[in-house]
Amino acid sequence: MKKGLLVTCILMAVWLTQVGFGPAAAQAVENAKKADLLFVQNAKDVTVDGGKLILKGIGPTVLFFSDRPERIAGHMTNERYLKLWREDGKDSFLADPPNATVSVFADDSEANLVVTLRNPQFNGDDLTYDISVLQGKLPEKGGPCSVFIDIIGMPLTPLSYAGVARRSVYRRW
């Protein structure tokens with residue numbers, strides 16, 4: 026019986042190799058679906074210094090979510106999030122810097138600033154972005170804030186060789 030099981034396993038592996046990596050797999054890569062993920066970062070305080078947005082005391086993770094029909098949600102480490110900025114490709118933050126809304130809660134009121142983000146850099150518990158202000162302004166004192174970052178397309182299929190690393194974002198974090 027052990028020999029029969031071994032032969033069956035070998036035949037199954039050969040069959041899966043033929044089917045899984047043949048023309049059908051290539052077609053699946055061509056038809057890869059994507060989820061548009063949005064990101065949220067929270068910090069204890071925020072300042073704008075010239076063309077720099079400085080998030081002070083940033084949380085240890087970045088939240089992400091998608092809209093229907095995927096309904097993906099989770100969080101990832103800041104280090105993993107920064108990798109999305111270094112990846113090249115038409116659906117990357119490097120190629121297409123995202124817009125973001127910086128929402129600050131100060132003195133029982135809320136202020137919003139809409140910006141384009143570029144070049145994130147960590148310095149201890151602080152995260153600095155180069156920004157272009159599109160609309161609004163921050164309160165003079167800053168305060169606790171959330172940054173709502175625009176979408177990035179993430180492949181949903183595990184067969185997409187270009188998106189395998191980024192696909193793991195919502196599987197592991």
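The sequence shown: position 137 = 162 (the numbering used here), numbered continuously.
Backbone N, C-alpha and C fix where the C-beta goes; we use that ideal spot for every residue, glycine too.
Bear in mind the structure is a predicted one, so any value in this text is a computation, not a measurement.
Find the nearest neighbour of F118 within the set G99, T102, L142 and A136, judged by alpha-carbon distance.
Ranking the options by Cα distance to F118, first place goes to L142.
Counted within 10 angstroms of its Cβ, other Cβ atoms place G167 as buried (16 or more) or exposed
Burial call: buried.
From which residue to which residue does the beta strand (DSSP E) around K81 run?
K77 to I83 is the span of the beta strand (DSSP E), which, as asked, contains K81.
If you count every other CB in all the chains shown that lies within 10 Å of the CB of A120, and 16 or more means buried, which is it?
By the neighbour-count rule (16 or more Cβ atoms within 10 Å), A120 is not buried but exposed.
With L88 as the anchor, note down where its beta strand (DSSP E) starts and where it stops.
Per DSSP, L88 belongs to the beta strand (DSSP E) from T86 to S91.
Cβ neighbours of V158 in the same chain (closer than 6 Å, five flanking residues each side left out)
Correct list, in chain order: V140.
Euclidean distance between Cα positions of G161 and V172:
Going from the Cα of G161 to the Cα of V172 covers about 14 Å.
Tell me the start and end of each unbroken beta strand (DSSP E) in the region 87-140 that is at least 3 residues and wholly inside, in chain order.
Runs of the beta strand (DSSP E) inside the region 87-140: 98-102 and 124-131.
What would DSSP say about K163, mapped onto helix, strand or coil?
It is worth fixing the name first, because residue 163 is Leu in this sequence and not Lys. For L163, the three-state secondary structure derived from DSSP is coil.
Contact set for G82: own chain, Cβ-Cβ below 8 Å, skip 5 residues either direction:
Cβ neighbours of G82 within its own chain (closer than 8 Å, five residues either side excluded): A68, K69, D70, D150 and D151.
Considering only the beta carbon of each residue, do A125 and I174 sit closer than 8 Å?
Contact check for A125 against I174 passes: the beta carbons are separated by less than 8 Å.
Of the residues P123, F64 and A131, the one placed nearest M101, counting alpha carbons only
Ranked by how close their Cα comes to the Cα of M101, the residues P123, F64 and A131 have F64 in first place.
With DSSP run on the structure shown, which of helix, strand or coil describes P145?
It is a strand residue.
With a threshold of 16 other CB atoms inside 10 Å of the CB of P122, please say whether the residue is buried or exposed.
Burial is judged here by how many other beta carbons sit within 10 angstroms of a residue's own beta carbon; P122 has at least 16 and is buried.
With a threshold of 6 Å on Cβ separation, who are the neighbours of Y106 within its own chain once the five nearest residues in sequence on each side are excluded?
Apart from the 5 residues on each side of it in sequence, Y106 sits with its Cβ closer than 6 Å to the Cβ of V87 in its chain, given in chain order.
Are there 16 or more other CB atoms within 10 angstroms of the CB of A136, so buried, or fewer, so exposed?
When all chains shown are included, A136 counts as buried.
Selected residue, minimal CA-CA separation from L138, among C170, N148, T153 and G84:
Closest by alpha carbon: C170.
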